[in-house]
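Worksheet: one structure, shown below.
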Amino acid sequence: RRDVLKTAAVLGLGGVVGLPNLVRGANLREIKVGYQLGAQLHQWMYPLGKEKKLYEEAGFAIKGQEYASVGIMAQHLAVNEMDFGLMGLTAVMLAKAQGSDVVIVGTQNQGGSALVVAPEIKKFEDLKNLPVGHTGVGAVQHALLTQMTTKFNTPVKMVTVKPTDMVSFAKNGEVKAVQVYEPFAAMVSMQLPGWKRLILDTDILPGNQCCVIATSKSFAKKHPDVVEQFLIVNVKTTKEIRSNPEESIKIIAKASGYEEAITADAYKLRSVVNSGHQMVRLLSVVGRTDSQRQLVRDSRASSGFSAGCRKALCIQ
4 RRDVLKTAAV LGLGGVVGLP NLVRGANLRE IKVGYQLGAQ LHQWMYPLGK
54 EKKLYEEAGF AIKGQEYASV GIMAQHLAVN EMDFGLMGLT AVMLAKAQGS
104 DVVIVGTQNQ GGSALVVAPE IKKFEDLKNL PVGHTGVGAV QHALLTQMTT
154 KFNTPVKMVT VKPTDMVSFA KNGEVKAVQV YEPFAAMVSM QLPGWKRLIL
204 DTDILPGNQC CVIATSKSFA KKHPDVVEQF LIVNVKTTKE IRSNPEESIK
254 IIAKASGYEE AITADAYKLR SVVNSGHQMV RLLSVVGRTD SQRQLVRDSR
304 ASSGFSAGCR KALCIQ
């Protein structure tokens, strides 16, 4: 905390860059964060950051909002009803294609989704014209399922199902398969006899970037230091889940309200945790002196922050 205060003092945070309440005494800046329904395994920075008090260290008071629809989350980001969204990549890409102000500033997990099928289904072609559940148009799961129908030249009846209802829809025979993110894939396969993961998202898209950290371009330009500190929390929680997976799984399971065994199965078998390498072109050094830029770099390095950028996805 002393280092953060020192950095804030030197950089003139609180007036110069428009951050009036960031790390000033006991005051915490409220940050509104949207996240996907029951997807804590994909968005580990939310529960781990809260449990480890990392947000408070960064000067943030987090106000979370759970979303069943990532499309709505993207809309709320675009109009600044949310500051950050922990969400699927596809929703951000669709929002950008429609002219939205939403931009990607960081990564979460790679992989971590699966097509889980009924006992009698042996291959994707067996699902021809049968009902298959997914999480909604605009979501990663819908995009993956659509790609499978093309890849295997097999049409299916697509059914939108809330992730929390996947088990009941499968159990009642309303769908013969579900394309869903973990830990819901683990729930279906572990709770329903004979149901199994047939295809992983990484089978369709190797290295699939599932979830990302998004914000609006206007928010990023107005509050670059908030973006930087938020991403440093992400790096720290990524290191935490990689170095202490058992403890992290307990925290995530508790935050999600799901059995630890289900969370462990989902993490161990299907959810590929990224390296913490951030897809962000930091705006925090824009318009500063050389000494201030160096201080930002030193602060970033001491926090394990990496500012690599993929041109197609970064803030431009």
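In the numbering used here, the protein residues as written are 4 to 319. C-beta atoms are modelled at their ideal positions from N, C-alpha and C, and glycine is treated no differently.
Backbone CA spacing between Glu-128 and Ile-255 [nearest angstrom]: 36 angstroms
- prompt: Three-state secondary structure (DSSP) at Gly-88?
  reply: strand
query: In terms of residue numbering, what span does the beta strand (DSSP E) encompassing Leu-118 cover?
result: 116-120
task: Might you give, ordered along the chain, the residues of its own chain that have their beta carbon closer than 7 angstroms to the beta carbon of Glu-69, omitting 5 neighbours on each side?
output: Tyr-38 and Leu-40
- request: Return the Cβ separation of Ser-192 and Leu-147 in integer angstroms, given the expectation that the two are a contact with Cβ distance under 8 angstroms.
  value: At roughly 17 angstroms, the Cβ-Cβ gap does not stay under 8 angstroms, so Ser-192 and Leu-147 are not in contact.
message: Using the Cβ count rule (16 or more neighbours within 10 Å means buried), how would you classify Gly-102?
response: exposed
message: For Met-151 and Asn-30, what's the separation of their Cα atoms in angstroms?
response: 50 angstroms
- prompt: Val-229: beta carbon under 7 angstroms from a heavy atom of the ligand PLP?
  reply: Ligands displayed in this structure: none; no statement on the ligand PLP is therefore possible.
message: Please classify Gln-194 as buried or exposed, where buried requires at least 16 neighbouring CB atoms within 10 angstroms.
response: exposed
- prompt: If Gly-141 and Leu-97 are in contact, beta carbons under 8 angstroms, what's the gap, nearest whole angstrom?
  reply: 5 angstroms
- request: Check whether the Cβ atoms of Gln-111 and Ile-216 lie closer than 8 angstroms to each other.
  value: yes
- prompt: With respect to the beta strand (DSSP E) encompassing Glu-128, which residues constitute its N-terminal and C-terminal limits?
  reply: Per DSSP, Glu-128 belongs to no beta strand (DSSP E) and is neither H nor E.
query: Does DSSP put Gln-113 in a helix, in a strand, or in coil?
result: strand
message: Are the CB atoms of Gly-260 and Gln-113 within a distance shorter than 8 angstroms?
response: no
Alpha-carbon spacing of Lys-225 relative to Met-48, whole angstroms: 23 angstroms
message: Checking 8 angstroms against the spacing of the C-beta atoms, do Ile-124 and Ala-180 come in under that value?
response: yes
- prompt: Hey, how far is the Cα of Gly-136 from the Cα of Leu-89?
  reply: 22 angstroms
field: Nonlocal neighbours in the same chain, by C-beta distance under 7 angstroms from Gly-28, ignoring five residues either side
entry: Low local confidence applies: a pLDDT of 41 at Gly-28 is under 50, so the model's placement there is unreliable, and no value is given.
query: Between which two residues does the alpha helix (DSSP H) carrying Gly-74 extend?
result: 73-81
task: Please specify which runs of the beta strand (DSSP E), each continuous and at least 3 residues long, are wholly inside the region 170-221, giving them in chain order.
output: 180-184, 199-203 and 214-219
Helix, strand or coil at Phe-233 [DSSP, three-state]: helix
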